[in-house]
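Going letter by letter, the sequence shown gives residues 275 to 520 in my numbering.
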Amino acid sequence: MTDPVGAWHRLADTAVLLDGFHALKHAVRFGAEVPVAVAVDRVAALALAEELAPDVWDTLDALLTQVPEPVYTSLLPRPHPTAVAALALRPSRAAHLERLAHTPRTAPVVVLDNPRNLGNAGAVIRLAAGFGATGVVTTGTLDPWHPTVVRGGAGLHFATAVERLTVAELPPGPVFALDPEGDDIRGVKLPDDAVLAFGSERSGLSPELRARADHLLSLPMRPQVSSYNLATSVAMTLYHWSLGGS
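Below you can see the structure in the form of structure tokens.
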């Protein structure tokens, strides 16, 4: 690309920031459209690709443009240690909604009910991608495509459907909401079309989501331990689903 900086500034307000080599690697691997990608040391970035992601080496070779370090740092609010960054086009909301609503589903949808922590949301999206979940939905004000969330998700937003919806707009399927007063998850089989809902880090499930739930489930926890980290709770629940039994 002859003018990556100009392209960056034209796209920055609407595109998804891929902050670091691993975010770019995952986005490319899962079909993201990446119009501009830069690196302070192109040779080093491609050597990293050869070592860690040879399947996308050719694509990265065609995408990456070397820029001076001051130019690179001027493009980012927080430069990444790999000194690689890119902009990707955000996937179609309509396509994501269609994927979330499609039945029969072969994997659950994860719902984060009014989450507050950007890093936790990113970690959940990374987990959902790893387990092959159909998608991750957030309710409330947090933007699941915020740059900090994408950074926490290591670019794996492109491996699943990620959208913000209201409780009334949740995709079809039985809603299993995690709550300390619910039934022990170890005695419940989670179906593939489950909607797995998790409350916010501070206040738990909202009244709207609780009213929408078909089942309340609890995770095993030692007495006097207050709670698990949100991403840990999602990981435990998806692992239980992946076992395929109660």
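Beta carbons are placed, not taken as given, at the ideal position from N, Cα and C, and that holds for glycine.
| Item | Value |
| --- | --- |
| Nearest to D417 by CA position, among A435, P454 and L392, is which residue? | L392 |
| What's the gap between the Cα of F432 and the Cα of R373? | 13 Å |
| Within its chain, find whatever has a CB closer than 6 Å to the CB of T356; leave out the 5 residues flanking it on each side and keep chain order. | G294 and F295 |
| Note down the Cα distance separating D424 from A381, rounded to an integer number of angstroms. | Inspection of the sequence shows that residue 424 is occupied by Val rather than by Asp. About 22 Å. |
| Terminal residues of the continuous alpha helix (DSSP H) containing H514? | L504 to L517 |
| Classify R379: buried if its beta carbon has 16 or more other beta carbons within 10 angstroms, exposed otherwise. | buried |
| Along the beta strand (DSSP E) that carries L361, what are the first and last residues, could you check? | V358 to A362 |
| Find out if the Cβ-Cβ distance for the pair A407, V383 is shorter than 8 Å. | yes |
| If I measure Cβ to Cβ from P454 and keep anything under 7 Å in the same chain, skipping five residues before and after, which residues do I get? | S492 |
| Pair every Cβ in the stretch 465-485 with every Cβ in the stretch 444-451, then say whether three or more of these pairs are closer than 8 Å. | yes |
| Can you tell me where the alpha helix (DSSP H) holding G409 begins and where it ends? | From DSSP, G409 is part of no alpha helix (DSSP H) but of the beta strand (DSSP E) over G409 to T412. |
| When the distance is taken between beta carbons, is A323 closer than 8 Å to L334? | yes |
| Would you kindly report the start and end of the unbroken beta strand (DSSP E) that includes R438? | A435 to R438 |
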